[in-house]
Amino acid sequence: MKLECKNISKRYGSVVALNNADLTIESGEIRGLVGGNGSGKSTLSKILSGAAVLDEGEILIDNFPYKANSPREGKEKGIVMTAQELSLLRNLSVSYNINLCFLDEILGKSRFINKDYAEQRAIELLEMLNIKHILEMNINDISTNEQYLVEFAKALIQKPKILIVDEITSALYKNDVEIVKNVLFKLRDEGIIIIYISHRLNEIFEICDNVTVLRNGNTVGTFDVSNIDENELISYMSGREIKDVLVSEHLDEGSTPVILDTKDVPLNVHNKDTSVRLRVREKEFVGIAGLEGQGQKDFLRSLFAIDKPITLEYKGEVVTLNGPRDAVKNKFAFISGDREVEGTFKERSIAENAVAVSDLVLNSKIQEVDDLLKNSGVKYSNAKDLIISLSGGNQQKVVISRWTATKPNIILADDPTKGIDIQARRDVHETMRNMLESGSSVIMISSDDEELVETSKMMPMSRVVVFYEGTIVATLYGEDISLENISATSSGKY
């Protein structure tokens, strides 16, 4: 099989999403598709899958013209996309969700869902993804990590000839990424064409055979991953030379006072009661590593009093936070990586989202809002546009600008760069470094160990703590902050 996209163009009003983009892939190849936010990756994927229709150009499959006016038509022709945003029905079971595209079959003549048939079809895929235990569970009752694997299984059950994988690993932990990677290798060996979209460039080099770069809707080029390095790839994506990771001069810890002592924060991990105490200095970056479900997210949410009040020592005084409102009053900020659910107000403007928790007033201080957005590196046309008009990376920058406007002392960041491109990620890191230098302290969870290693080098004072089964099992400083050490301690080897 051969897929050819020739001179593909797509416009949304005055915005050019694709401009004469080209892409050619043959059977048995995993092709990486990379580019910054707004580069055209998602638009090209939507056109291929039938979720959008091209304005100009042509698509050929084995030299025959191809056009899909809906995802259903795309699937009928063998093109399936697993999207970055979940499309699961949360009140139905895992097996039903996997089989939804075969609704007529699982309903049967009685028009009631045939539970046994649905489970029989799903179980082989769940075994392959090492999540057989969730077969009969509802989507509401499984982790976000498992939900993304179910989304992947939904695509696999359709036996695609061309599979588009869009950012599936952004919510997965390392062991599950390995499982997905092995499944993709198996599909490639069976002759499937795979288009792999990811902002995690290490995955592009590990998984893909070749990589195509898009920038501003144009195809920059296609490269063999063995003949290009990460900095070259980033340069093609951004259109400018990228220097190695910025390294900041480190502050002397002994001269820096402790701003936060969490005392013993109670946790329950795997039905085991534990507690965690963390002391954070002014202007300190504390990265939190660990496999999924080790208590780190509950710990961070506790510090913002999201689920219940918390008493801690803050700026030398014992303080009780009765809820997020109290946390905000005390100059705490909480940045969620789940911008769809916890980060953005979808029906509100960019400006309204930016000032949601600050003292800025939309009408009288619109210039201040513009300055705030620009300082956070947000790319936008008009602050009155809906936030959903922005790319994912720019939406997340708006969320971060919302909190920088409050001039926080403590920034709690839960996987804040999940699912955004490499340049947007660096912009977020730069913003955090600026906040540290202006006096804030940052506690940041990341599911990407490489990000923690890179970010710690940028910050004036940094360390990484590793969670395992509801406790901190390791604290890493300086050169000890490495992928090897994080991986070993995350697995309980300490």
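Our numbering puts the first residue of the sequence shown at 1296, with every later residue one more than the last. For glycine and all other residues, C-beta sits at the position ideal for the given N, C-alpha and C.
With a contact defined as Cβ atoms closer than 8 Å, glycine 1369 and glycine 1345 qualify at about 3 Å. Linking alanine 1708 to alanine 1316 through their CA atoms gives a straight-line distance of about 37 Å. In the structure shown, valine 1650 falls within a coil segment according to DSSP collapsed to helix, strand and coil. Taking a cut-off of 8 Å on C-beta distances, the stretch 1582–1593 does not touch the stretch 1522–1536, as fewer than three cross pairs fall below it.
With fewer than three CB-CB distances shorter than 8 Å, the stretch 1597–1615 does not count as touching the stretch 1443–1463. Counting only residues of its own chain and dropping the five nearest sequence neighbours on each side, methionine 1727 has a CB closer than 6 Å to the CB of Val1737. Around the CB of aspartate 1524, fewer than 16 other CB atoms lie within 10 Å, so the residue is classed as exposed.
Note: isoleucine 1738 is bridge-paired with Val1581, Leu1707 in the DSSP secondary-structure output. For phenylalanine 1518, there is no enclosing alpha helix (DSSP H); the enclosing beta strand (DSSP E) has its first and last residue at 1513–1519. About 16 Å separates the CB atoms of aspartate 1710 and serine 1751; that is not less than 8 Å, and the two are not in contact.
By the criterion of a C-beta distance shorter than 6 Å, alanine 1783 is surrounded by no residue of its chain, once the five residues flanking it on both sides are discounted.
One thing to note: threonine 1557 has its Cβ within 9 Å of the Cβ of arginine 1572.
The C-beta of arginine 1483 has 16 or more other C-beta atoms within 10 Å across all chains shown, which makes the residue buried.
Here the stretch 1453–1465 makes contact with the stretch 1484–1492; the two share three or more CB pairs at distances below 8 Å. For proline 1366, the number of other beta carbons within 10 angstroms of its own is at least 16, and it is reported as buried.
Lysine 1297 sits in a strand when the DSSP states are folded into three classes. Proximity of the stretch 1668–1678 to the stretch 1688–1703 meets the contact definition, three or more beta-carbon pairs being nearer than 8 Å. Between the alpha carbons of tyrosine 1675 and leucine 1685 lies a gap of roughly 7 Å.
In the same chain as threonine 1712, and ignoring 5 residues on each side of it, the C-beta atoms closer than 6 Å to its own belong to Arg1720, Val1723, in chain order.
Counting C-beta pairs closer than 8 Å gives three or more between the stretch 1318–1331 and the stretch 1501–1516, which meets the contact rule.
Rounded to whole angstroms, the separation of the alpha carbons of methionine 1423 and isoleucine 1429 is 13 Å. Distance from leucine 1528 to valine 1329 at the Cβ level is roughly 7 Å; contact confirmed, criterion being Cβ atoms closer than 8 Å. Residue pairing of methionine 1376 in beta bridges, as defined by DSSP: Ile1459.
The C-beta of proline 1455 has 16 or more other C-beta atoms within 10 Å across all chains shown, which makes the residue buried. The C-alpha of isoleucine 1776 is placed about 37 Å away from the C-alpha of serine 1382.
With respect to lysine 1624, leucine 1731 sits apart: the two C-beta atoms are not nearer than 9 Å. A direct Cα-Cα distance of roughly 15 Å separates asparagine 1677 from valine 1650. Counting only runs of 4+ residues, the alpha helix (DSSP H) found wholly inside the stretch 1732–1778 occupies 1744–1753, in chain order. Less than 9 Å separates the beta-carbon of phenylalanine 1594 from that of leucine 1562. The alpha-carbon separation between asparagine 1440 and isoleucine 1434 amounts to approximately 11 Å.
Contact annotation, glycine 1512 with phenylalanine 1762: C-beta distance approximately 42 Å; criterion of less than 8 Å not satisfied. In this chain, the beta strand (DSSP E) harbouring alanine 1316 covers 1310–1321. In the three-state reduction of the DSSP assignment, valine 1575 falls in the strand class. A Cβ-Cβ distance of about 7 Å is found for the pair leucine 1318 and threonine 1514, placing them in contact under the 8 Å criterion. Listed as beta-bridge partners of tyrosine 1491 by DSSP are Gly1327, Val1460. Between lysine 1641 and leucine 1681, the gap from beta carbon to beta carbon is short of 9 Å.
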